[in-house]
């Protein structure tokens with residue numbers, strides 16, 4: 010049985026340095042991948058090297074409509090849970106009429122984008138990673154490179170752009186379903202009329218709140234698409250490697266979404 014080496018200052022510094030370099034490499038790779046995708050999306054059509062519309066719409070249908078049932082289900086029950094908890098607290102304070110305010114701001118500004126991003130990570134991000142990783146393992150990517158096919162243009166760009174577009178769209182629909190779920194609780198449990206609930210919900214929401222929620226959804230879409238595609242190209246090994254990078258992509262995306270959400274909340278609520 011091999012003896013473990015004692016932890017030394019040199020070993021600790023080396024480990025921290027390796028983690029730091031790996032983090033910078035990861036973030037830099039994501040930035041370069043997204044930059045190249047934007048280049049093909051914005052300047053590519055003027056140079057005859059744009060993104061295939063057919064491939065884009067195929068990926069958009071895959072990333073958007075097919076994810077709606079899961080997003081609707083989760084947001085519906087989250088809206089009900091938020092109304093139950095908020096209604097219970099507000100009713101004790103004699104402020105039950107403000108349940109609509111809580112649902113409107115809570116779903117549009119925070120829970121809607123965050124939950125949709127996490128759901129899309131597991132539903133779409135994992136699929137992107139597994140698909141691209143399988144292409145790498147089966148040497149399809151190598152064959153495309155041999156034929157001088159740009160993998161960013163034909164593989165990454167349609168998928169990444171579709172996710173970036175679809176996450177805000179799905180978020181808006183999910184917000185509406187979540188507010189509807191909260192209204193059912195408000196009218197049947199908290200004894201609040203439908204008119205009062207929706208009047209409070211819509212009157213509390215500002216245009217800035219809606220745009221802030223959409224901005225979050227856009228950033229989450231960038232995170233999901235970029236990490237999902239980038240991790241797929243980092244696969245090593247066979248089927249085991251595909252499973253490993255897929256799990257890593259999901260975990261990395263969720264962590265990145267939560268960190269981005271915290272940063273965006275601070276910027277939008279206190280600095281903007």
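In the numbering used here, the protein residues as written are 10 to 281. Quick reminder that beta carbons are idealized off the backbone N, C-alpha and C, glycines included. In this text the structure is predicted, and so the values were computed from the model without any measurement.
From the DSSP output, in three-state form, read off residue 156 for me. It is coil, neither helix nor strand.
Per DSSP, what kind of secondary structure is residue 10 in: helix, strand or coil? Residue placement at residue 10 cannot be trusted, given a pLDDT of 45 that sits under 50; what the coordinates show is reported in the next sentence. It is coil, neither helix nor strand.
Thinking C-beta only, is residue 95 closer than 9 Å to residue 112? For residue 112 and residue 95, yes; Cβs fall inside 9 Å.
Evaluate residue 175 with the Cβ neighbour count: other Cβ atoms within 10 Å of its Cβ, from every protein chain shown; 16 or more gives buried, anything less gives exposed. Buried, because 16 or more other Cβ atoms sit within 10 Å of the Cβ of residue 175.
Do residue 187 and residue 87 have their beta-carbon atoms positioned less than 9 Å apart in this structure? Result yes, Cβ atoms of residue 87 and residue 187 sit closer than 9 Å.
At a cut of 8 Å, does the stretch 181-199 reach the stretch 129-137 through at least three beta carbon pairs? Short answer: they don't touch.
For the alpha helix (DSSP H) containing residue 132, list its first residue and its last residue. Annotation: residue 132 is outside any alpha helix (DSSP H) and is labelled neither H nor E by DSSP.
Distance check for residue 20 and residue 10, CA to CA, integer angstroms please. Reliability fails at residue 10, whose pLDDT of 45 lies under 50, so the model's placement of it is uncertain and the value that follows must be treated cautiously. The C-alpha of residue 20 is placed about 21 Å away from the C-alpha of residue 10.
Can you tell me which of the three DSSP states residue 200 falls into? DSSP places residue 200 outside both helix and strand once states are collapsed to three, so it counts as coil.
Rounded C-alpha distance that separates residue 166 from residue 217: Each residue's Cα considered, the two are about 30 Å apart.
Just reading off the alpha helix (DSSP H) that residue 235 is part of, what are its end residues? In the DSSP assignment, residue 235 falls within the alpha helix (DSSP H) that extends over 216-242.
I need the DSSP call for residue 103, collapsed to helix, strand or coil. In the structure shown, residue 103 sits in coil (DSSP, three-state: anything other than H, G, I, E or B).
Alpha carbons only, please: which of 42, 262, 142 and 276 is nearest the one belonging to residue 124? Looking at the Cα atoms, 262 is the closest of the given residues.
Limits of the alpha helix (DSSP H) - the one that residue 76 falls within: Per DSSP, residue 76 belongs to no alpha helix (DSSP H) and is neither H nor E.
Can you tell which of 209, 239, 220 and 213 has the C-alpha that lies nearest to the C-alpha of residue 106? Considering only alpha carbons, the answer is 209.
Quick one: any contact between the stretch 225-239 and the stretch 36-50, if contact means 3 or more CB pairs under 8 Å? Yes, the stretch 225-239 touches the stretch 36-50.
Classify residue 183 as helix, strand or coil using the three-state DSSP reduction. In the structure shown, residue 183 sits in a helix (DSSP, three-state: H, G or I).
Spatially closest choice to residue 291 from 30, 46, 93 and 24, by CA coordinates: Shown here, the chain extends from 10 to 281; a query on residue 291 therefore has no answer.
Give the secondary structure of residue 148 by DSSP, where H, G and I count as helix, E and B as strand, and everything else as coil. Assigned with DSSP and collapsed to three states, residue 148 falls in coil, not helix or strand.
So is residue 192 buried or exposed if we call it buried at 16+ other beta carbons inside 10 Å? Residue environment: residue 192 is assigned as buried (16 or more neighbouring CB atoms within 10 Å of its CB, all protein chains considered).
For residue 204 and residue 273, what's the separation of their Cα atoms in angstroms? Separation of residue 204 and residue 273 (C-alpha to C-alpha, rounded to the nearest whole angstrom) is 33 Å.
Kindly indicate which residue of 29, 277, 256 and 101 has the alpha-carbon position closest to the one of residue 219. Selection 29, 277, 256 and 101 evaluated against residue 219 yields 277 as nearest (Cα-Cα).
Three-state secondary structure (DSSP) at residue 50? Secondary structure of residue 50 (DSSP, three-state): helix.
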